[in-house]
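Q: Residue numbers (the working numbering): 25 to 622.
Cβ atoms here follow ideal geometry from the backbone N, Cα and C, with glycine treated the same way.
Mind looking over this structure? Questions follow.
In structure tokens:
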């Protein structure tokens, strides 16, 4: 782990020096430009009595280097911004290694209590597992990554293919960081997703019109001809004035259609420009894994151009439309039909690239999501890629820990489910570690199913459908009691089993919302029914009567426990999973310690 800390710290130091040097150069460029302005003013004063052509030549001598320095200043500023963003990324990653993920998006909008397991495993929101992993820079990339969490893979081959891609990409840290910084320079927003409207709804206002294709050349050619004839005193000024109104009418004759086209792409220049930069970072790269190779090779356009060049071209067309309301834009439109020319180019781009660009953006989003998982793998070098079992059901592992628990204090435990039906009944005192163990198993099961490395020394798992019930709550809005909400959850599990789904079930304290007698009878009946459906899972409970199920189903149930130790009036926990039924409970002890007489 020290090497990961060292990597980020070294990058911060190196890029901090680069930022310092760039700032010095930028300051120097500013001083030189100021001197050029002062020199130009002085030169104009000295040559004020000379011919205007000489003065213009002198001014040009100062303007040319001034413009060149402005361009160089923009180049340096871009490099400085890049370096500063990379420093920020490395610092955020260092904070993440210390379990502070606040700089990253936890997608709180994805929190859904109806989902099979996401709420129980704290997948989304502040201090969530998704927040610890998410490094996506496009809206669509974030959506795909969230979807992978919510709908993990169940096919062994697909998981192994993704594992291979994540493993390779985790070693390409410079590429991943470059990709992230390019995306953050123009950070992704929800409007990224709206950019697809241009591609999914192509327009044909002008592209099929021979008249407008001719006019965009006819108008500027006639203007050039008339200006030449006017300078040569062949035609009067009135001809220019008449043709001006002709050009004005022609330029704005189809303004409604051009406005409609512009509204679809308005302010999207930076989005597509960012897409082009992101694609340029990965297109043509020679990857080894099949999935990354497929993504890299997907960025090919029908005319042989690279996808990044094609999308950058689209960005320029949109930029031209965005400038149509400026004074320069209006003048150029009147004299060259610039708006119509741009609209034609935009529609031609749609006709040529629209279908392919959908594929490009999908591949880009997949790479974005893979990059996040690869970063997670890089930040956890001790994690292992699990073996994926072919037959239902198996989950055998040693040293499982939870990725969000501090590595210096995390107590790891094993799991051993080798056949079906099989249930682990876990009993134990309050705060002994039952719920944490369930979430540890659940999150590592999920990681294995999405192709990511797991927090374990060893793990073999079959990617069944995960279903949990750890955090059921009542609902005032839908007028549901706690008990009814829990029953709905259990009914969902039974219904899915009846349909033949292969599930891995994790339950915490069945039927908490009813009295002890009902709870015991209902819990025993539920476990027996689950066994009859040949399914597997883990059930944590305070109810020791469930421990008797091992006697009734010795080949399908095994008892495990988390103990609380009371020594010298002090309560301690080992958080270590052991076989058998729990012996010590601590509720009365804790109540007495808090001054509540029992």
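Can you give me the Cβ contacts of residue 387 inside the same chain, cut-off strictly under 6 Å, excluding the 5 residues immediately before and after it?
A: If we look at residue 387 and ignore the five residues flanking it on each side, its Cβ neighbours are 319, 322.
Q: Between residue 465 and residue 200, what straight-line distance do the alpha-carbon atoms span, to the nearest angstrom?
A: Cα-Cα distance, rounded: 29 Å.
Q: Please confirm if the region 362-381 is in contact with the region 345-354, defined as three or more CB-CB distances below 8 Å between the two stretches.
A: They touch, by the three-pair rule.
Q: Hey, which unbroken runs of the alpha helix (DSSP H) at 4 residues or more fall wholly within the region 245-289?
A: As far as the region 245-289 is concerned, its whole alpha helix (DSSP H) runs of at least 4 residues are 261-275, 279-289.
Q: Does the distance from the CB of residue 469 to the CB of residue 516 come in under 8 Å?
A: No.
Q: Give the C-beta separation of residue 476 and residue 401 to the nearest angstrom, bearing in mind that I take them to be a contact with Cβ-Cβ under 8 Å.
A: Rounded, the Cβ-Cβ distance is 7 Å, consistent with contact.
Q: Identify every residue that forms a DSSP beta bridge with residue 446.
A: Answer is 560, bridged to residue 446.
Q: Quick check: the region 337-345 against the region 284-298, are at least 3 beta-carbon pairs closer than 8 Å?
A: With the cut-off at 8 Å, the region 284-298 and the region 337-345 touch.
Q: Is it right to say residue 399 is buried, meaning 16 or more other beta carbons lie within 10 angstroms of its own, or is it exposed?
A: Its Cβ being crowded by 16 or more others within 10 Å, residue 399 is buried.
Q: I want to know whether the region 127-138 touches the region 448-461 - three or more CB-CB distances under 8 Å.
A: With a cut-off of 8 Å, the region 448-461 and the region 127-138 do not count as touching, because too few Cβ pairs lie within range.
Q: Measuring CA to CA, which of 440, 397, 281 is closest to residue 366?
A: For the residues 440, 397, 281, the minimum Cα distance to residue 366 belongs to 281.
Q: Just to confirm my understanding: we take residue 152, look at its own chain, exclude 5 residues before and 5 after, and list those with CB closer than 6 Å. What are they?
A: Excluding sequence neighbours, residue 152 sits near 130, 146.
Q: Going by the DSSP bridge assignment, what does residue 412 pair with across the sheet?
A: Residue 412 pairs with 485.
Q: Confirm, please, whether the CB-CB distance from residue 462 to residue 494 is below 8 Å.
A: Result yes, Cβ atoms of residue 494 and residue 462 sit closer than 8 Å.
Q: Apart from the five residues on each side of it in sequence, which residues of its chain come closer than 7 Å, Cβ to Cβ, to residue 60?
A: Here the set comprises 86, 89, 90.
Q: If we ignore side chains and look at the alpha-carbon of each, how far apart do residue 606 and residue 565 end up?
A: So the alpha carbons of these two residues sit roughly 10 Å apart.
Q: Looking at residue 35: is its Cβ nearer than 8 Å to the Cβ of residue 110?
A: Yes. Within cutoff.
Q: If you draw a straight line from the alpha carbon of residue 497 to that of residue 586, how long is it in whole angstroms?
A: Model confidence at residue 497 stands at a pLDDT of 49, short of 50, so the residue's coordinates are unreliable and nothing is read from them.
Q: For the pair the region 114-124 and the region 27-41, tell me if three or more CB-CB distances fall below 8 Å.
A: The answer is yes - the region 27-41 touches the region 114-124, with three or more Cβ pairs under 8 Å.
Q: What residue range is occupied by the uninterrupted beta strand (DSSP E) comprising residue 458?
A: From DSSP, residue 458 is part of no beta strand (DSSP E) but of the alpha helix (DSSP H) over 458-473.
Q: Give every residue of the same chain whose Cβ lies closer than 7 Å to the Cβ of residue 339, excluding the five residues on either side of it in the sequence, and list them in chain order.
A: Once the five neighbours on either side are set aside, the close Cβ partners of residue 339 are 293, 296, 297, 300.
Q: What's the gap between the Cα of residue 80 and the Cα of residue 93?
A: Roughly 20 Å between the two C-alpha positions.
Q: Relative to the alpha-carbon of residue 467, which residue among 444, 428, 532 has its alpha-carbon at the smallest distance?
A: Per the Cα distances, 428.
Q: Could you round the C-beta distance between residue 571 and residue 484 to whole angstroms and report it? I think they count as a contact, below 8 Å.
A: Not quite, the Cβ-Cβ distance comes to about 27 Å (not below 8 Å), so this is no contact.
Q: For residue 451, which beta-bridge partners are listed by DSSP?
A: DSSP lists 565, 585 as partners of residue 451.
Q: Compare the C-alpha of residue 392 against each of 599, 562, 169, 128 and name the closest.
A: Selected option, being the one with the closest Cα: 169.
Q: Per DSSP, residue 440 is paired with what?
A: DSSP, once it has assigned bridges, lists 420 as partnering residue 440.
Q: Rounded to the nearest angstrom, what separates residue 383 and residue 576 at their Cα positions?
A: Rounded to whole angstroms, residue 383 to residue 576 spans 56 Å at the Cα level.
Q: Counting only the same chain and skipping the five closest in sequence on each side, list residues whose C-beta sits under 6 Å from that of residue 491.
A: Hits under 6 Å: 140, 517, 527, 529.
Q: Taking the alpha carbon of residue 581 as the reference point, which residue from 598, 449, 544 has its own alpha carbon closest?
A: Considering only alpha carbons, the answer is 449.
Q: Alpha helix (DSSP H) containing residue 531: first to last residue?
A: Element bounds for residue 531: not the alpha helix (DSSP H) but the beta strand (DSSP E), 527-532.
Q: Have a look at residue 545 and residue 559 and give me their C-alpha separation to the nearest angstrom.
A: Each residue's alpha carbon lies about 20 Å from the other.
Q: When the Cα atoms are used, what is the spatial distance from residue 33 to residue 39?
A: Roughly 10 Å between the two C-alpha positions.
Q: At the level of alpha carbons, what is the spacing between residue 434 and residue 478?
A: Distance between the alpha carbons of residue 434 and residue 478: 14 Å.
Q: Are there 16 or more other CB atoms within 10 angstroms of the CB of residue 543, so buried, or fewer, so exposed?
A: Buried is the call here.
Q: Please classify residue 141: does DSSP put it in a helix, a strand, or coil?
A: Three-state DSSP puts residue 141 in coil, outside helix and strand.
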